[in-house]
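The opening residue of the sequence shown carries number 1 in UniProt numbering; numbering runs sequentially from there.
Glycine is no exception: its CB is placed at the ideal position from the N, C-alpha and C atoms.
Structure first, then comments.
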Amino acid sequence: MGDTSVKKVEARHSPRGEMGQKYLASGIRVSMRLWEDEQPGEPKPAVAREYETVGYVLKGRAELHLEGQVLLLNPGDSWLVPRGASHTYKILEPFSAVEATSPVATVHGRDEEEPSKSPARA
1 MGDTSVKKVE ARHSPRGEMG QKYLASGIRV SMRLWEDEQP GEPKPAVARE YETVGYVLKG
61 RAELHLEGQV LLLNPGDSWL VPRGASHTYK ILEPFSAVEA TSPVATVHGR DEEEPSKSPA
121 RA
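In structure tokens:
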């Protein structure tokens, strides 16, 4: 039989990362995080992460700059950032979204890496 552990993460106990993300439940191969009320502003430097990310917009609008493409993210939209893809987000309106990462973003410092040297955004 496989892993039978059960986890619940209460919002008031969720730790925050250096970028402002709130860490939610995580398993061995996937983790979730929440971005709450991210404010409009200029995009941060591009990054390329060692995990893939799927996300879902709860509210607000943002641009995802991904490998030379710009995708507009609106409430109800979902997206994928492939592992190793250089990307950044430009927040257009106060923005909240849930993301899942695989492998787990918080392991081995994957979530707090330095920006990539490639020309795209994160």
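Cβ-based neighbour list, residue 98, same chain, cut-off 7 Å, excluding 5 preceding and 5 following
32, 34, 55, 56, 58
Return the first residue and the last residue of the beta strand (DSSP E) that residue 55 is part of.
52-59
Is residue 64 near residue 73, with beta carbons less than 7 Å apart?
yes
Going by DSSP, what residue range makes up the beta strand (DSSP E) through residue 28?
Element bounds for residue 28: n/a, residue is neither H nor E.
Less than 7 Å between C-beta atoms, sequence neighbours within five positions excluded: which residues of the same chain meet that for residue 114?
Model confidence at residue 114 stands at a pLDDT of 47, short of 50, so the residue's coordinates are unreliable and nothing is read from them.
Is it buried or exposed, residue 86, if we count other Cβ atoms within 10 angstroms and call 16 or more buried?
buried
Whole-angstrom distance between residue 102 and residue 52, CA atom to CA atom:
5 Å
Please list the terminal residues of the continuous beta strand (DSSP E) segment that includes residue 92.
Unbroken run through residue 92: none, as it is neither H nor E.
7 Å CB neighbourhood of residue 116 in its chain, flanking five on each side removed
Low local confidence applies: a pLDDT of 42 at residue 116 is under 50, so the model's placement there is unreliable, and no value is given.
Answer with yes or no whether the minimum CB distance from residue 89 to chain D is below 7 Å.
The chain inventory of the structure shown lacks chain D, comprising one protein chain alone.
Beta strand (DSSP E) containing residue 78: first to last residue?
78-81
Report back the beta-carbon spacing between residue 93 and residue 40 to the nearest angstrom; my notes put them in contact at under 8 Å.
6 Å
Spatial neighbours of residue 37 in its chain, beta-carbon cut-off 7 Å, leaving aside the 5 residues before and after
94, 96
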